[in-house]
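So the sequence shown is numbered by the UniProt record's numbering: it starts at 1 and just counts up by one.
Just so it is clear, CB atoms sit at the ideal spot from N, CA and C, and this is done for glycine as well.
The structure appears right after this line, and notes come after that.
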Amino acid sequence: MTGKKPCHFFQLGQCKNGNGCKYAHVKDPNFKRKACINFAKGKCHRGKTCTYSHDRADIDLWKASNDQAATAGASGPSNVDNAEAVFKNWRYNIPQGIGTPTPLGPNLGRFFKQAAELLDSDAGRMQEVIVLLASEGGVQRIIELLDQPLDKVHPEILTRLFDSRIIHFLEVITHNNVTASAILKPRLTTIYNIVWDKGAERAIRLFSAVAQHLQALRLSGQDGDGSINTAAIHAIECTLIAFDKLIEVNTEAQVHDELKAVAEAFAILFKEPMTDEVRFAVKPSQRHLRRAEQRLGLGQAIPTQSEGKQHNGERTSFTLERPGPGKLNIDGVPRHDNDHIDIREISILPTTLEIQFAGAEYLPLADPTQWHLGGLEGLLDRHFRLLRADTVGQLRDTAKTELAKLQTPEVRDRSQQNKQRTSRAFVYGNATIVDVTFTSRNGIEFAISFDQPGNVQRKNKNERKDWWQNSKRLSDDALVCLLSSLGSAIFLTVVPEPRNPKKDATKGEQQIPIHKQYDLWSNEQRAHVIVKPAQQDGIHTMLSEFSLGGNAHLSLVEFPGVLLPAFQTTLRAMQRLSETLEVPFADVLAPVSTTANPTRHIEIQPPNYATRPGFEFDLSAVTTGGEALRFTPGRDIEGLAAELAQHSSLDHGQAKAVVSSLSRSLALIQAPPGTGKSYHGVQLIKILLAHKKPCNLGPILCVCFTNHALDQSLERLLDEGVSNIVRIGGRSKSDRLADVNLREVVQRLDLTKTEKSERFRLTKEVEDEVTELKLILRSMSELGSQSSIEDYLREWHPQHHHQLFSKIDEEGFVTVNRRQGSELQQWLTAVPWDQKKPRPIAELENADLHRMTARERRRLHREWTAKAAEKVREKFYTALAAYNKAKEELDNIRTETDQRVLRQANIIGITTSGLARNLDLLRRVNAKVLLCEGAGEVLESHLSTALLPSVEHAILIGDHQQLRPHVQNYDLSIESRGGAQYALDLSLFERLVQPQDILAHPLPFCRLQIQRRMHPSISQLVQETLYPDLQNAESVSSLPDVVGMRRRLFWMHHEQPENHAGDGLNTSHTNAYEVEMTAALVKHLVHQGVYKSDEI
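Structure follows, in structure tokens:
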């Protein structure tokens, strides 16, 4: 090697020539690595494997030179920083003119490299780069890159093209901030569509060539020291992210056979022997390849596939003795139009035919061998159907009963119907649709009028108002159903009155909401409510009823206490999961027996981020005085737990639970009453936050079932000094959390240039469409009138319009109309009725109006009315589609600002239902850790949707021996004799700890065993019945006596009956005697002068 110059790329660990390199592979003492800019910004996650310098002197030198450049820029006339100057020069390379642009040639690589570097600057510049690349000029640059004959060049030239051009383009379209951006989604889709091109030739050529190039790279370092080739692994990851995204945004790609061959070529990359370091480094790439294979229907991509069961893109089915769903029903005939094998095809709310169906619906049993689908698909299918039966089932059954009454003539009397009420519904008779409008916030809104309930009609206006408000009937967002005697059913939600009505953009005046014209109490005989369709398909039926009317009798049915978002978002999320199957821990949640593992034994591995070779957890965040204490996940849990208990405030059980939870990717902790589950959760979070940056964990998701529990958990974190907490949801009762609500934090965020311009454009577009839709709705209300016929004829039949409505006859004289009535009415009645057979419509459309018979005139008039209605409906749905598109893009700006805030958070607090509502937003945040408190009370369907695809570490804290999840339908409960076969209220926590499936092993879990809340005389109640191993802390024995009470524990027996609810609004009961006794006892304790009311 003497005489050879040291290899520059060898110093960086990036030389691909191996022993064939013409330069010396020796350490160069004079070589100086560049400072790592990401490390300086606190963003580098490569540690010792990074090819750039992390030396403090190098970092300080870079910062100093960067500051000097910024100062020099500020002193010059441009007054812009270095990144802004680079951006301005870069955008000059985007063609703006018409015609063929001048190729960049050798500068094309620098163009894409600068674009990739600019993405790491501020959010606004990042957005502008992608917007420009997706523009017509930017697309020309992409085409210039991709239309090179990559499939025909020599391998050495391909390597040069990849290193200088292609890799930078891939870095741009796979950048994490770009792929996670909601506002850039349509632009990024445009770019991927350019890559795809017609017939996929461009995509096949690109990825086939890249796969060929990547196969020539080594994943390990050159000198056999266990290091990794970071450049090769980075290139593979960028390529496979782009490949996965391409298939995701192009549905045609999912059935393209040539892409399957490309995927197989990529799979070869991971078949070479790997060190532990390489195996860890390629995990993200392998995950994207598996997703791509799954979308392409390749069998090996299905995580729940068992040996002997070939999936090949089709859903596995079992032979059932009982009727299955959809075409698996007896004789292969579905029960109704909403009975499907695939849950993705099921409408969340029941259809009319489903409501009218008299038979039993298909409900999957708890036994997985009886499912019509296997593995994860079967699990999601089961919980979707059971949750829908528990929530939507009661609506369907009630609507079926009321529809039958409405269609039976002998019970159609409205006064009687108002008195009739099922146990879970109120019925308001003689309903009519009286008005319609359109708003930018809610879309289409209808005003429905119905008879006041009999007991309300005799009240004055103020009494009626008090009655409606106190009864809580038809409250904001309540779910109702409009039933027709003709057999239709439309589900609607009550629209709240806007608190701050918007101003009219054209007139600048405050818009008056429709609520000001209609309310529940102003009219003595008729009440009015403002509603909107719960689903898009309800709009057509409502408009038809409003514009055309009919002989149908209508009733409005209210379902008290039922809110659509409480179940709709979770069910939709499960439909989406059924499509993507992107559920972490699938092998644990839905294990499948195989020949090698017939009993489905599952070994819980450490979280993926903790499998990096040499990784150790640092526990100093919870030790006394921050004493150093580290451990490798899974090793000597007992010994480390004892050491942690000795050097912290945790008892041995809590310490063991902490260590075990950190060692398992799916950790289960049973927390009996008073054992400190919240305190334990806080300690875990403090440890995990200490690893947030080095492990790139993202924000930690703190999930609870109720808002009250969530408020308490977040307040404890505040007490422990945890910063950057964000709470999602508007039902918090905590004043301390008011300023960290997401909506409040976002208000303090400055919008980028792109966001401001897009919001202005889209807001105006939405307002324009709303104005147009209001005009169309007004014309709908006038269908059949002379003005509507006149407008139709003016546009579509000008000759007939001239004959009917022109004031000048054919000879040029002005006509004078001396007869009563409109021109249209006069024309219809101008000739006497006769029995002559009318001519066909096609002939009448070109005939003289004044030479038609009476029957022909009426026939043509009906045709005009029908065609006018059809044209108005076409205009409406065209404008509605434009409104929906603009509204969606406007909502994306809100999502964009929300995710910018959430990415900076340490903790995101949210309820399970709130998580389902914000699923699209949270999937963009890349949270790797989820902690759920009260997991024993959460339905498995709710917890399944909380497990985001990015989650690598889930910690479930609960107690399956306390309250189970609440279900509406007792017949689906495990407590019911018939419901045990469904076991809907069996939580995921309980199922994993005590599985009902005889083939499944229980998962390991930790139990907290020392309670610090109850005096021993009280804790013995649970110790002797539920928790024989539960111990009392020493402190509880010294709890003081209760002042004013002789004993700590009383049992009281009484025989006073419960009070029945006056209108049956809910199924819970009250007991006035118990209320009085409780109030008297609390009053007695407060009067002792020792306790405050909030301490009881």
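How is residue i classed by DSSP in three states: helix, strand or coil?
i	result
T275	coil
A527	strand
C702	strand
I490	strand
K532	strand
T829	coil
F631	strand
V495	coil
A431	coil
R458	coil
P325	coil
N608	helix
S121	coil
Y1091	coil
A182	coil
Cα separation between residue i and residue j?
i	j	result
A231	A134	27 Å
S648	L931	22 Å
residue 1175	K260	An answer regarding residue 1175 cannot be provided, because it is not within the stretch 1 to 1096 covered by the chain.
H336	T432	29 Å
F585	T1078	47 Å
Q97	L104	Note that residue 97 corresponds to Gly in the displayed sequence, not to Gln. If you take the alpha carbons of G97 and L104, they lie about 15 Å apart.
S732	L902	18 Å
G137	G221	41 Å
D331	R344	23 Å
G738	L714	Note on identity: in this sequence residue 738 is Ala, with Gly being the wrong assignment. Answer to the nearest angstrom: the Cα atoms are 12 Å apart.
K871	S788	11 Å
A1080	N430	48 Å
V262	N608	27 Å
V86	R923	32 Å
S164	V153	15 Å
L701	A216	41 Å
L1039	V392	49 Å
V745	L119	24 Å
K327	V929	41 Å
R859	H797	16 Å
L956	A610	18 Å
Quick one: measure Cβ to Cβ for residue i and residue j, integer angstroms, because I've assumed they're closer than 8 Å.
i	j	result
I233	A292	Actually they are not in contact, since the Cβ atoms of I233 and A292 sit about 18 Å apart, beyond 8 Å.
S1093	L1049	Their Cβ separation, rounded to whole angstroms, is 22 Å, which puts S1093 and L1049 out of contact at 8 Å.
Y518	D435	7 Å
L386	Y1091	With 8 Å as the limit, L386 and Y1091 do not qualify as a contact, their Cβ atoms being about 45 Å apart.
L483	L554	7 Å
C15	C36	About 20 Å; that fails the 8 Å criterion.
Locate the beta strand (DSSP E) running through residue i, then write down its first and last residues.
i	result
residue 1097	Nothing about residue 1097 can be read from this structure; the chain reaches only from 1 to 1096.
Q670	666-670
E445	443-451
V480	478-484
R727	725-727
T1078	It is not in any beta strand (DSSP E) - T1078 instead sits in the alpha helix (DSSP H) that spans 1072-1086.
What span of residues does the alpha helix (DSSP H) with residue i cover, start to end?
i	result
H168	167-174
F243	230-249
D768	753-781
T541	538-548
I685	677-690
I910	Here I910 belongs to no alpha helix (DSSP H); instead the beta strand (DSSP E) covers 907-911.
A1033	Neither: A1033 is in no alpha helix (DSSP H) and is coded neither H nor E.
P513	Counting along the chain, P513 falls outside any alpha helix (DSSP H), and DSSP gives it neither H nor E.
W155	Reading off the sequence shown, one finds Pro at residue 155, where the question assumed Trp. Start and end: 155-161.
I789	786-796
I143	136-146
In chain order, each alpha helix (DSSP H) run of at least 4 residues that lies wholly inside the region 927-963 | 940-946
Just list the alpha helix (DSSP H) runs in the region 331-386, keeping only unbroken ones of 4 residues or longer that don't cross its boundaries, in chain order.
-> 352-356
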